[in-house]
Every structure is written in C-alpha cells, then in structure tokens.
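Undergrad:
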Amino acid sequence: MNLNIWKKSIDNIEKEMALKYFKLSEFDSDVKGSGKNMKRVFLKKLDKARNIAGVPFKITSGFRTPQHNERLKKEGYKVSANSSHLKGLAADIACADSGTRQKIVNGLIVAGFTRIGIADTFIHCDTDTDKTDAIWLY
9 MNLNIWKKSI
19 DNIEKEMALK
29 YFKLSEFDSD
39 VKGSGKNMKR
49 VFLKKLDKAR
59 NIAGVPFKIT
69 SGFRTPQHNE
79 RLKKEGYKVS
89 ANSSHLKGLA
99 ADIACADSGT
109 RQKIVNGLIV
119 AGFTRIGIAD
129 TFIHCDTDTD
139 KTDAIWLY
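At position 45 of the sequence shown (counting the first as 1) the number is 53 in the working numbering, and the numbers step up by one without a gap.
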C-alpha cells in the first residue's frame, strides 16, 4: 500500500472515531499502524474515562499482534494467550503514584469499565465480554 494512502486511511479512521484525548498511534503494537485495530467502542469508553479522571492517560500497551504477545511472554511478562489486547479491547495505562491511580481507576469505573487490573506501575482496563467482570491486583 502506498504510504500516502495508508496515512490518509489512518487519518480517516481517527476522524471517524473523534477521540478527544488519544491518537490511534498511541495503541500501536510492534507494528506501526496496528493501533487502528482497536475497537471503537473501547476507545470511546476510554476517552470518556480520561475526561472523567482529569489526568493524562499514557498508554503503555494497546493493540498486540500475536507475535508481540508471544515475545512479551518469552521476556517474562505475565501475558494471557487469550489477551484482550489481541482483540483491540484492552489498554494498559502508566501510573506512578496512588493519587493518580485513584483518579484513573475512578474514571474507568464511572465510564463503565468492569474489568480493571491494578499494578504498581500501570492499570489495565478492558471491555472483553468473553471474560468475567473483575477488579484484580497484579
């Protein structure tokens, strides 16, 4: 695909999604442009959560290709073989302190997220309806 056509395609997808706080590239995996595989309903809900939280959301993991997911596993990260990241239904958000963590988690809950994982340095959220609603600790 011609680079200009590809760029226009990404630009059109971003306009269609009309996200206030995010660009699709923030959700790229190891493949440039893979963020376009994120599901619209997930991104709109995350955008709403960001607005509610009132703090920036730095995405550390968005869409994952199967190869990227496998590489993370080999590097020792705890990743699920059926990760919601593979479906474009999940993101990990960087978090450095408890005050910011509280704002992010509150924003996610108020926006309607029902699957949230909390770690020392990040917060996972997803909208995968194939999985049970839960809040968990890493």
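The beta carbon of each residue, even a glycine, is placed where N, CA and C say it ideally should be.
What's the gap between the Cα of P74 and the Cα of F65?
TA: So the alpha carbons of these two residues sit roughly 24 Å apart.
Undergrad: With a threshold of 7 Å, establish whether the CB of D36 neighbours any heavy atom of the ligand ATP.
TA: Of the ligands one can find in the structure shown there are none, so the ligand ATP has no counterpart to examine.
Undergrad: Quick check on DSSP: helix, strand or coil for L32?
TA: Helix at L32.
Undergrad: Helix, strand or coil for E100? Go by DSSP, reduced to three states.
TA: Residue identity differs from the one stated: residue 100 is Asp in this sequence, not Glu. The answer is strand: DSSP assigns D100 an E or B state.
Undergrad: When the Cα atoms are used, what is the spatial distance from V63 to G115?
TA: Distance between the alpha carbons of V63 and G115: 9 Å.
Undergrad: Residues in the same chain with beta-carbon distance under 7 Å from G43, minus the five sequence neighbours each way, listed in chain order, please.
TA: If we look at G43 and ignore the five residues flanking it on each side, its Cβ neighbours are L32, S33, E34, F35, D36, G70 and F71.
Undergrad: Report yes if the C-beta distance between K53 and G120 is below 8 Å; otherwise report no.
TA: The answer is yes: Cβ separation under 8 Å.
Undergrad: Going by C-alpha distance, which of D136, D138 and A98 is nearest T68?
TA: Selected option, being the one with the closest Cα: A98.
Undergrad: Which residues in the same chain as G96 place their Cβ atom closer than 6 Å to its Cβ, once the five residues preceding and following it in sequence are excluded?
TA: The answer, listed in chain order, is N45, M46, K47 and F71.
Undergrad: Give the DSSP-derived three-state secondary structure of A142 in the structure shown.
TA: Strand, per DSSP.
Undergrad: When you compare only the Cα positions, how much space is there between Y85 and K40?
TA: Looking at the two C-alpha atoms, the distance is approximately 22 Å.
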